[in-house]
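Trainee: The structure follows.
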Amino acid sequence: MEQSLVDNFFQAIRSRQYTQLQQMLKEHPELVSARDPRGSTPLILTTYLGDLPATKMLVRAGAPLDERDSMGNTALMGVSFKGFRNLAAFLLEAGADPNVRSGNGGTALHFAAMFNKAEIAEVLLKQGADAGAKDDQGLTAAEQAKNQGFAELAERLR
């Protein structure tokens, strides 16, 4: 895949050029799996930006839901720490796995816990997130929330 094509695709995502995105995906469906210089996929970028229309477009085009970036994080992990409930719900409904592990062994629930995103944690739990999963430090999401000073969320995660 030509680097200039990939660069243009990521620029279209950042500038929310939906018509251009749609056309590029039609002509080059392989772009759903492209990587930017930081190792992010198009789906990771659209979710990080909180862009539901572009996220839906990419998922319809077959973007891999659980692909990790260079840090080992998925799109679902990103929306979990940013607090984008609508995107979390959409990704989970589309089939994203809430129990995929990041580079440090944490799950999306760990991210929600560390950033006090109770609504996200609720959505994740309803969609099968494992509250007992431990990260590489041996901590559950509840323990992470407690360590960050989020006692109320920690209790809800127990």
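All letters in the sequence shown, in the order written, are residues 34 to 191 by the working numbering. The beta carbon of each residue, even a glycine, is placed where N, CA and C say it ideally should be. None of these values were measured; they are calculated from a predicted model.
1. At which residues does the alpha helix (DSSP H) containing M90 begin and terminate?
2. Can you tell which of V156, K159 and E176 has the C-alpha that lies nearest to the C-alpha of G165?
3. Just confirm the distance between the C-beta atoms of V156 and R118, as a whole number of angstroms; I'd bet it's less than 8 Å.
4. What residue does the alpha helix (DSSP H) around A121 start on, and which one ends it?
5. Taking the beta carbon of G139 as the centre, do at least 16 other beta carbons fall within 10 Å, making it buried, or is it exposed?
6. Distance check for R191 and D40, CA to CA, integer angstroms please.
7. When you compare the CB positions of V65 and G95, do they come within less than 8 Å of one another, or not?
8. What span of residues does the alpha helix (DSSP H) with G105 cover, start to end?
9. In whole angstroms, give me the CA-to-CA distance for S135 and R101.
10. Using only the alpha-carbon positions, how far apart do L54 and S48 sit?
11. Keeping to the same chain, check which residues put their C-beta closer than 8 Å to that of L98; ignore five residues upstream and five downstream.
12. Is it right to say A45 is buried, meaning 16 or more other beta carbons lie within 10 angstroms of its own, or is it exposed?
Mentor: Looking at the atomic coordinates:
1. Here residue 90 refers to the residue found at position 57 when the sequence shown is read from its first residue. Segment L85 to R93, the alpha helix (DSSP H) holding M90.
2. For this step, residue 165 is matched to residue 132 along the sequence shown. The option with the nearest alpha carbon to G165 is E176.
3. By one-based count along the sequence shown, residue 156 stands at place 123. By one-based count along the sequence shown, residue 118 stands at place 85. Going by Cβ atoms, the distance from V156 to R118 rounds to 6 Å, so yes, they are a contact pair.
4. Residue mapping note: residue 121 aligns to position 88 of the sequence shown, counting from 1. Where A121 is concerned, the enclosing alpha helix (DSSP H) stretches over R118 to A127.
5. Residue mapping note: residue 139 aligns to position 106 of the sequence shown, counting from 1. By the 10 Å Cβ count, G139 comes out buried.
6. The residue labelled residue 40 in the question sits at position 7 within the sequence shown. The residue labelled residue 191 in the question sits at position 158 within the sequence shown. Answer to the nearest angstrom: the Cα atoms are 44 Å apart.
7. For this step, residue 65 is matched to residue 32 along the sequence shown. For this step, residue 95 is matched to residue 62 along the sequence shown. Cβ distance < 8 Å, so V65 and G95 count as in contact.
8. Sequence index remark: in the sequence shown, residue 105 carries index 72 (1-based). Per DSSP, G105 belongs to no alpha helix (DSSP H) and is neither H nor E.
9. Within the sequence shown, the letter at position 102 stands for residue 135. Within the sequence shown, the letter at position 68 stands for residue 101. So the two alpha carbons sit approximately 8 Å from each other.
10. Within the sequence shown, numbered from 1, the residue matching residue 54 stands at position 21. Within the sequence shown, numbered from 1, the residue matching residue 48 stands at position 15. Looking at the two C-alpha atoms, the distance is approximately 10 Å.
11. Reading the sequence shown from its first residue, position 65 is the one you call residue 98. Only L76, V92, T107, A108, L109, L124, A127, G128, A129 and D130 meet the Cβ criterion.
12. Working through the sequence shown from its first residue, we reach residue 45 at position 12. Counting Cβ neighbours within 10 Å, A45 comes out buried, since at least 16 surround it.
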